[in-house]
Amino acid sequence: MANEFHLTTVGKVPLKTQRRIKSISPGLVGRIVVVRTLAGTFIGCLRSIGLTTIRLRIFSGVDRVFITIRIPIGIIIDIFRFPCP
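Take any residue in the sequence shown, count from 1 to its spot, add 41: that is its number in my numbering.
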């Protein structure tokens, strides 16, 4: 994909947290989620889950386009469905 970026950071979260993220994520595919990482917080549509990364489609304020970012599971602190009333 032309508009796909890979997010990286030096730190990692504990393996227990990574296993929890891997178990929660499949039920959130296709939904709007909040992803808290060591690099910041992202809100977007969870597109897919790989062995070591998730793909999240977010709105880029620059040029008003949607981009897909790959986030390593090792840097995700928390993931949850976007709360809508």
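Heads up, the beta-carbon is just placed ideally off N, CA and C, and yes, glycines get one too.
Predicted model, so just to flag it, every value in this text is computed and none were measured.
Check	Outcome
Hey, would you say Asp104 sits closer than 8 Å to Arg77, going by beta carbons?	no
Is the Cβ-Cβ distance between Arg111 and Thr94 less than 8 Å?	yes
Within this structure, are the beta carbons of Leu87 and Ser66 separated by less than 8 Å?	yes
Report buried or exposed for Ile116, applying the criterion of at least 16 other Cβ atoms within 10 angstroms of its Cβ.	buried
Ile99 and Phe107: beta carbons closer than 8 Å?	yes
Excluding the 5 residues flanking Lys63 on each side, which residues of the same chain have their C-beta closer than 7 Å to its C-beta?	Ile114
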